[in-house]
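Asks: Here it is: the structure, laid out below.
In full-length UniProt numbering, the protein residues as written are 1 to 267.
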C-alpha cells in the first residue's frame, strides 16, 4: 500500500532497531486494522461534494461523520460524537457543564441493550470496521489532549538532555517532541514503569517460579450461549473479550487466594 508520501511494507523479518521482534509480526488472520500517523500534520476526515456546490471537509469529530462514513449502519442519519456533547444530571435530567468523552459516548453506543436490540452489533465485518474507526477516534482525542496539555502533564520534569540524545540524537531539538504520560497504556514510559515495579518484586521475593499463559477458546459454552441467532464467535469480538476477562480474573483469584495448585503466592 502506498501514497504520495508514505509506503507501508509488512515484513516480519525486518523490525525497527530497539523494538521487540514480535511487535511487528505480519498479520496471519483476516481482521480489520488501521495504521495511524499521529504527528499533528494529518487528520482523519472525509470529503463530500454538495449538489451544485464545491467540496467540504468533514472532520472525524463532526456530528455527521459517523452517518457519512457508515451510511448503511446509520441510515437515519443519527448524530455521532462531537465536542459539544454534555452529560445530563441523572437526578434532574438537566444538562451539566461536564463534557462526554468519545470513549464514554461509544461505550454506550455499542452496549447490549435489554430493552431493545442494538442493530449496530449485527453488521459483522462492517461492525468490525466501525469499531476500529471509533477506536482511532478515541485515540486521536487522547493524543490531542496530551499534545495540548504538555505543561499540565509536567513534561518539563522528563524532557532533558538524555531523552533528546536517546530519541533524536540531536540536542538542538530537545523538548520539541510530545511526551506520553505513564498513564497512557502501552507507551514506552508505561511499560518501563511496570518493568521497574517487577524489579522491585524480584528484589523483595526473588525470581519468579512460574510463567503462566492463558488463552481463550471460541468454543467455550459461555460464548456460544450469548451469541445471537446466526452469529459466530468471529462476529462478536467484544463478547470474546468479556468472557476471556472474566475467566482470567477467576484464574488470578484461584492462583492468589487458593493454595490448592500453586501453594502460597507472594506477589
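Where a beta carbon is used, it is the ideal one built from N, C-alpha and C, also for glycine.
How many angstroms separate the CA atom of residue 114 from the CA atom of residue 138?
Replies: Roughly 26 Å between the two C-alpha positions.
Asks: Could you tell me the distance, in whole angstroms, from the CA atom of residue 11 to the CA atom of residue 31?
Replies: Rounded to the nearest angstrom, the two C-alpha atoms are 18 Å apart.
Asks: On a CA-only basis, which of 90, 44, 193 and 184 is nearest residue 132? Give me that one, please.
Replies: With distances taken between Cα atoms, residue 132 lies closest to 44.
Asks: Checking the sheet assignment: what are the DSSP bridge partners for residue 95?
Replies: Residue 95 is bridged to 88.
Asks: Taking 8 Å as the cut-off, does the segment 183-194 touch the segment 65-81 (at least 3 CB pairs, one atom from each stretch)?
Replies: Judged by Cβ distances under 8 Å, the segment 65-81 makes no contact with the segment 183-194, as fewer than three pairs qualify.
Asks: Below 8 Å, how does it come out for the segment 188-195 and the segment 207-218: are there three or more Cβ pairs, yes or no?
Replies: In short, these stretches do not touch, since the Cβ pair count stays below three.
Asks: Return the residue from the list 255, 267 and 248 that minimises the CA-CA distance to residue 206.
Replies: If we check each option's Cα against that of residue 206, 267 comes out closest.
Asks: Secondary structure at residue 251, three-state DSSP: helix, strand or coil?
Replies: Reduced to three states, the DSSP call for residue 251 is helix.
Asks: Report the option in 127, 260, 201 and 144 whose CA atom is closest to the CA atom of residue 70.
Replies: Closest by alpha carbon: 127.
Asks: Determine the contact status of residue 36 and residue 102, defining contact as a CB-CB distance below 8 Å.
Replies: Not closer than 8 Å, so no.
Asks: Buried or exposed: which applies to residue 52, given that a residue is buried once 16 or more other Cβ atoms fall within 10 Å of its Cβ?
Replies: Looking at its Cβ environment, which holds fewer than 16 other Cβ atoms inside 10 Å, residue 52 is exposed.
Asks: For the alpha helix (DSSP H) that residue 60 lies in, which residues bound it at each end?
Replies: First-last for residue 60: undefined, no H or E at that position.
Asks: May I ask you to report which of helix, strand or coil DSSP gives residue 235?
Replies: Correct three-state label for residue 235: helix.
Asks: Determine, using beta carbons only, whether residue 85 and residue 108 come nearer to each other than 8 Å.
Replies: For residue 85 and residue 108, no; Cβs fall outside 8 Å.
Asks: Determine the direct distance from the alpha carbon of residue 72 to that of residue 253, and round the result to whole angstroms.
Replies: In a straight line, the C-alpha of residue 253 is about 44 Å away from that of residue 72.
Asks: When the Cα atoms are used, what is the spatial distance from residue 174 to residue 148?
Replies: Model confidence at residue 174 stands at a pLDDT of 49, short of 50, so the residue's coordinates are unreliable and nothing is read from them.
Asks: Ignore the nearest five residues each way along the sequence and tell me which others in residue 1's own chain have a CB closer than 7 Å to its CB.
Replies: Only weak support is given to the placement of residue 1: the predicted model assigns it a pLDDT of 44, under 50, and the value that follows is read from those uncertain coordinates. 8.
Asks: When the Cα atoms are used, what is the spatial distance from residue 23 to residue 29?
Replies: Answer to the nearest angstrom: the Cα atoms are 15 Å apart.
Asks: Provide the residue span of the alpha helix (DSSP H) that contains residue 79, from first to last.
Replies: Per DSSP, residue 79 belongs to no alpha helix (DSSP H) and is neither H nor E.
Asks: Could you check whether residue 46 and residue 270 sit closer than 8 Å to each other, using their CB atoms as the reference points?
Replies: Because the chain is modelled from 1 through 267, residue 270 falls outside the range shown and cannot be assessed.
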